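Undergrad:
In the numbering used here, the protein residues as written are 3 to 304.
As structure tokens, then:
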């Protein structure tokens, strides 16, 4: 989530980034309005609290002087100030909630070298490894991965659908063993060769954790949610890893922190509803090894 300080300091940068994303730049004006409203309420609260403190002190002085009438007048003024404080506090909380909710919808600022474009046709090729081969260059019949995987006993889509419905799969013995081996290899390689520390993280997380990783509110429709406990199934280990050090102060010189974690991932994939999506590319549940680094902003391009 962008900080409101960034919006105050660089409103045109935020506006331009939204325009490049084909999103409404008017949100910057609404953020400025809500921010000004909240700051005005905070200033008013500070003044009222100072006034209430003066009234309280004046009551004590009047009582000490034996002036009951003056003391009662100051008590009345203090009660009135207290009522105003309650009203302004409620208004300030409301403005703060609206400001935060709107900030959660604003994406990160695009880098200057990200190409502009309205669809995939504007994507720029940054690197190509090797030369692509045509289907005709093979001396055997090419099969889609779902047919090949089932013929080798790696996947069983029919039983996956029987157990859990559309877009689920059962791994056969070959698939289950292959997945386990790949997961272990990925975890060990990044621990031993690249200095990552392995973590085992919860698969259900709090709303604040989802918000902190940018998944809420934007991707709410594609997340699985337990309404009773307000817990969310993670779509990737990036979510709990992002929140691992939330509200902590990290000592200078300890960054970067490198983590690797294996988790199942859960996605509703509503964007695929009504389309013919076969194979392993779009599943409601799949396993993934995530690499994550926590670095200083100055060293991150993100």
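Note that CB positions come from ideal geometry on N, CA and C, so glycine has one too. Fair warning: this is a prediction, and the values are worked out from it, not measured in the lab.
Please determine if the region 220-227 and the region 187-199 are in contact, where contact requires at least 3 C-beta pairs separated by less than 8 Å.
TA: Flag = no, the region 220-227 and the region 187-199 do not touch.
Undergrad: Could you tell me which residues DSSP puts in a beta bridge with residue 266?
TA: According to DSSP, residue 266 bridges with 289.
Undergrad: Express the C-alpha separation of residue 141 and residue 253 in angstroms, rounding to a whole number.
TA: Taking the straight line from one Cα to the other gives about 59 Å.
Undergrad: In this structure, what does DSSP give as the bridge partners for residue 157?
TA: According to DSSP, which records beta bridges pairwise, residue 157 is partnered with 173.
Undergrad: Please go through the same chain and pick out, in chain order, the residues whose beta-carbon is closer than 6 Å to the beta-carbon of residue 158, but skip the five residues on each side of it.
TA: If we look at residue 158 and ignore the five residues flanking it on each side, its Cβ neighbours are 172 and 174.
Undergrad: Any idea if residue 37 is buried or exposed, counting beta-carbon neighbours within 10 angstroms, 16 or more meaning buried?
TA: Buried is the call here.
Undergrad: In terms of DSSP beta bridges, what is residue 228 paired with?
TA: Note: residue 228 sits in a beta bridge opposite 233.
Undergrad: Where does residue 260 fall in DSSP's three states?
TA: Residue 260 falls in the strand class under three-state DSSP.
Undergrad: Please state if the CB of residue 176 and the CB of residue 156 are separated by a distance shorter than 8 Å.
TA: Yes, they are a contact pair.
Undergrad: Cα-Cα, which of 113, 256, 241 and 120 is closest to residue 291?
TA: Minimum Cα distance to residue 291 is reached at 241.
Undergrad: Looking at C-alpha atoms only, which residue of 257, 218 and 44 is the closest neighbour of residue 103?
TA: Ranking 257, 218 and 44 by Cα distance to residue 103 puts 218 first.
Undergrad: For my contact list, residue 19 and residue 112 are in at a C-beta cut-off of 8 Å; report their separation, rounded to the angstrom.
TA: Yes, they are in contact, since the Cβ atoms of residue 19 and residue 112 sit about 5 Å apart, within 8 Å.
Undergrad: Quick one: Cα of residue 269 to Cα of residue 52, how far?
TA: When rounded, the distance between both Cα atoms is 51 Å.
Undergrad: Could you check what DSSP says for residue 131 in three-state terms: helix, strand or coil?
TA: In the structure shown, residue 131 sits in coil (DSSP, three-state: anything other than H, G, I, E or B).
Undergrad: Compare the beta carbon distance of residue 263 and residue 282 with 8 Å and say whether it is the shorter of the two.
TA: It is not a contact, given that the beta carbons lie outside the stated cut-off.
Undergrad: Straight-line CA distance for residue 14 to residue 31?
TA: Near 10 Å, if we compare the C-alpha coordinates of residue 31 and residue 14.
Undergrad: Mark residue 2 as exposed unless 16 or more other C-beta atoms lie within 10 angstroms of its C-beta, in which case mark it buried.
TA: Nothing can be reported for residue 2, as the shown portion of the chain is limited to 3 through 304.
Undergrad: Find out if the Cβ-Cβ distance for the pair residue 101, residue 6 is shorter than 8 Å.
TA: Yes, the Cβ-Cβ distance between residue 101 and residue 6 is below 8 Å.
Undergrad: Quick check on residue 2: buried or exposed, where buried means 16 or more other Cβ atoms within 10 Å of its Cβ?
TA: Absent from the model: residue 2. The displayed extent of the chain is 3 to 304, so no value can be given.
Undergrad: Taking Cβ positions, are residue 118 and residue 124 nearer each other than 8 Å?
TA: Contact flag set, yes.
Undergrad: Less than 8 Å between the CB atoms is what I'm expecting for residue 228 and residue 257, so what's the real figure, rounded?
TA: 34 Å between Cβ atoms; not a contact.
Undergrad: Would you decide whether residue 67 is buried or exposed? Buried here means 16 or more other CB atoms lie within 10 Å of its CB.
TA: Its Cβ having fewer than 16 others within 10 Å, residue 67 is exposed.
Undergrad: With a threshold of 16 other CB atoms inside 10 Å of the CB of residue 40, please say whether the residue is buried or exposed.
TA: Residue 40 should be labelled buried.
Undergrad: Tell me where the alpha helix (DSSP H) around residue 206 begins and ends.
TA: From DSSP, residue 206 is part of no alpha helix (DSSP H) but of the beta strand (DSSP E) over 206-208.
Undergrad: Where does residue 296 fall in DSSP's three states?
TA: Residue 296 falls in the strand class under three-state DSSP.
Undergrad: Could you tell me which residues DSSP pairs with residue 200 in its beta bridges?
TA: Residue 200 pairs with 262.
Undergrad: Compute the Euclidean distance between the alpha carbons of residue 136 and residue 144, then round it to the nearest angstrom.
TA: If you take the alpha carbons of residue 136 and residue 144, they lie about 11 Å apart.
Undergrad: Give a yes or no on whether the C-beta atoms belonging to residue 87 and residue 43 are separated by under 8 Å.
TA: It is not a contact, given that the beta carbons lie outside the stated cut-off.
Undergrad: So, for residue 26: in the same chain, excluding its five sequence neighbours on each side, which residues have a beta-carbon less than 8 Å away from its beta-carbon?
TA: Excluding residues within five positions, the ones whose Cβ falls inside 8 Å are 20.
Undergrad: For the putative contact between residue 58 and residue 84, defined by C-beta atoms under 8 Å, what is the C-beta separation to the nearest angstrom?
TA: Contact flag wrong, Cβ pair sits at about 10 Å.
Undergrad: Quick check on this structure: which residue in 16, 302 and 230 has the alpha carbon closest to the alpha carbon of residue 110?
TA: Selected option, being the one with the closest Cα: 16.
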